[in-house]
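The structure under discussion appears below in the form of structure tokens.
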Amino acid sequence: MVFGPGALNQLPDLLKTCNATRVLLVTDPGLVKIGLAERTLNLLQGPATCFDQVTPNPNEACLEAAVDVMRSTSCDFVVGLGGGSAMDTAKAVCLRLNHDQSLTEYEIQNNGAQKVTAHVPGCIAIPTTSGTGSEVGRSAVITLKDGNRKAILNTPKILPRVALCDPELTLGLPPQITAATGMDALTHNIEAYLSTTYHPPCDAVALGGVRLAAQNLETAVKDGQNIDARANMMMAASMGAIAFQKDLGVAHALAHPLSTLANVPHGLANAIMLSHTMKFNREAAPDRLKDIALALGCSTAGLSVNASATLAADTVHNLLVRLNLPIRLSEAGVPKDLIPELAAQAIADANHTTNPRPCTEADLVALYEAAF
Ligand SMILES: [Fe+2]
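Under our numbering, think of the first position of the sequence shown as 13, with each following residue one higher.
Below is the structure:
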């Protein structure tokens, strides 16, 4: 990780260290519009090409178009600039360039990592939002061409060589996007800490990430030019993604169908579901929820463990209210009759299998209903 205000200017040196000779910049039209794509292109010394057609929730067609550009220009290195969509596309391009089987062959549940050879070009990831943490992750999520399903490509070979984290790049983000992506980062840290996988180092990172997000998210939303708050949120996002190498939980299982079936942005879906899932988890993980209450900055003096766990969930709910985000699924435009279909997809999502309290489909229905 290369981190700090102005870090983007280190890109030329970092590319040299990585022996990059011809760089493909992968980004989206929004970053072209605000001039950040051009600023980055100017830092790519030597021949470079820009693929600027990354879409939200990138699909196979978007990926293949980027791969075609990389092949036709003989680029040997990729720089991903943007939010999760651009960074994931950049990482997937690296995998796809020399791997021609059907994309599903490289999915996590098909032991995709074992089919990936050493012929994967390197990548530098430059986040422009503070949420997904894809810059420090070994996964890329691409929507398959035959429908709504998202494929998770997961191999250490697509872990970016450098996560180039410059919080100045987030100064212009509007409050609503800062809030939703920041809640995604908070959810990663909280769910990673609660997940049942044994991983004390990730637990420590997760609690630190909860603390940073709790102390800085509201300031970053209300005072977007506050570089300290922006930097701390960028770090909280990276920490969340480091921590969730451990695993996630039921909030993400509930959030994914909300995006694929009802177009709710990922961060907002987590934001709305998170406090409900924390309440649901009280009986299974009260001590861990008490730790989270403390990391959120609550005083638990004189409170029982169970009351402290409830306080953690209430504190997350109150944060959501202060951030002016929708707090109910109905406010986010989700039709209530979609619940059975949402729950059917959520129960098939592996994320809830590491949730501290085991989930039935009826539990997932109840969690969605609680959020309406
Ligand atoms: Fe997430």
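Cβ atoms here follow ideal geometry from the backbone N, Cα and C, with glycine treated the same way. Note that the coordinates shown come from a computational prediction; the quantities given were computed from them, not determined experimentally.
Verify whether the separation of the beta carbon atoms of Gly149 and Asp196 is less than 8 Å.
Their beta carbons are not under 8 Å apart, which means Gly149 does not touch Asp196 by this criterion.
Return the CA-CA distance between Thr116 and Ser146, expressed in angstroms with no decimal places.
As the crow flies, the alpha-carbon of Thr116 is around 20 Å from that of Ser146.
Which residues share a DSSP beta bridge with Glu373?
Per DSSP, Glu373 has no beta bridge partner at all.
Which of the three DSSP states is assigned to Val262 in this structure?
When DSSP states are grouped into helix, strand and coil, Val262 belongs to the helix group.
Where does Val346 fall in DSSP's three states?
Val346 sits in coil when the DSSP states are folded into three classes, being neither helix nor strand.
Let's see if you can read the secondary structure: which residues bound the alpha helix (DSSP H) around Phe256?
Looking at the DSSP string, Phe256 is not in any alpha helix (DSSP H), and its letter there is neither H nor E.
Rounded to whole angstroms, what's the CA-CA distance from Thr372 to Thr365? Just pull it up for me.
Between Thr372 and Thr365, the C-alpha separation is close to 10 Å.
Buried/exposed call for Glu119, threshold 16 Cβ in 10 Å:
Buried is the label assigned to Glu119, since at least 16 other Cβ atoms lie within 10 Å of its Cβ.
Quick one: complete alpha helix (DSSP H) runs, 4+ long, within the segment 184 to 209?
For the segment 184 to 209, whole alpha helix (DSSP H) runs of length 4 or above, ordered along the chain, are 187 to 206.
Is the beta carbon of Ala313 closer than 8 Å to that of Pro368?
Not in contact: Pro368 and Ala313 (Cβ atoms no closer than 8 Å).
Taking Cβ to Cβ, would you say Arg294 is nearer than 8 Å to Asn275?
Contact flag unset, no.
Taking Leu332 and Ser287 to be in contact with their CB atoms under 8 Å, please state how far apart those CB atoms are, rounded to whole angstroms.
About 7 Å; that satisfies the 8 Å criterion.
Tell me whether Asn275 sits in a helix, a strand or coil according to DSSP, three-state version.
Note: Asn275 maps to coil in three-state DSSP.
For Glu180, name the three-state secondary structure that DSSP assigns.
When secondary structure is reduced to three states using DSSP, Glu180 falls in the helix class.
What are the boundary residues of the alpha helix (DSSP H) that includes Ala218?
Element bounds for Ala218: Pro212 to Lys234.
Between which residues of its own chain and Ile304 is the CB-CB distance below 7 Å, once the five residues before and five after are set aside?
Same-chain partners within the cutoff: Ile202, Tyr205, Val222 and Ala324.
Below 7 Å, is the gap between the Cβ of Asn69 and the nearest heavy atom of ligand 1?
Checking the Cβ of Asn69 against ligand 1 gives no.
What does the alpha-carbon distance come out to for the pair Ser311 and Ala125?
Taking the straight line joining both Cα atoms gives about 45 Å.
Is Asn282 near ligand 1, going by C-beta to nearest heavy atom under 7 Å?
Judged by the Cβ position, Asn282 qualifies as a neighbour of ligand 1 at the 7 Å threshold, a heavy atom of the ligand being closer than this.
Among Glu180, Thr39, Gly95 and Ala218, nearest to Arg11 - alpha-carbon criterion:
An answer regarding residue 11 cannot be provided, because it is not within the stretch 13 to 384 covered by the chain.
May I ask whether a heavy atom of ligand 1 can be found less than 7 Å away from the beta carbon of Asp64?
Placement of the Cβ of Asp64 at a distance of 7 Å or more from every heavy atom of ligand 1 is found.
Close-in-space but distant-in-sequence residues of the same chain around Pro344 (CB under 7 Å, 5 per side omitted)
The sequence given here has Ala at residue 344, not Pro. Contacts found: Val276, Leu280, Ile284 and Pro338.
With DSSP run on the structure shown, which of helix, strand or coil describes Ile170?
Helix at Ile170.
I'd like to check one pair, Pro269 with Gln357: are the Cβ atoms closer than 8 Å?
Between Gln357 and Pro269, the C-beta gap is smaller than 8 Å, which places the two residues in contact.
Would the beta-carbon of Asp361 be found less than 7 Å away from any heavy atom of ligand 1?
Asp361 Cβ: outside cutoff for every heavy atom of ligand 1.
State yes or no: is the C-beta of Thr199 nearer than 7 Å to some heavy atom of ligand 1?
Within the cutoff, so yes.
Helix, strand or coil at Thr366 [DSSP, three-state]
Looking at Thr366 - three-state DSSP - the assignment turns out to be helix.
Compute the distance between the beta-carbons of Val90 and Pro133, then report whether it is under 8 Å.
Against a cut-off of 8 Å, the Cβ pair of Pro133 and Val90 comes out as a contact.
Please tell me whether Arg6 and Val79 are closer than 8 Å, where the distance is taken between their beta carbons.
This structure leaves residue 6 out entirely; the chain is present only between 13 and 384.
Can you list, in chain order, the residues of its chain with a C-beta nearer than 7 Å to that of Asp88? Leave out the 5 residues immediately preceding and following it.
In chain order, Ala32, Thr33, Arg34 and Pro133 place their CB closer than 7 Å to the CB of Asp88, counting only its own chain and leaving out the 5 sequence neighbours on each side.
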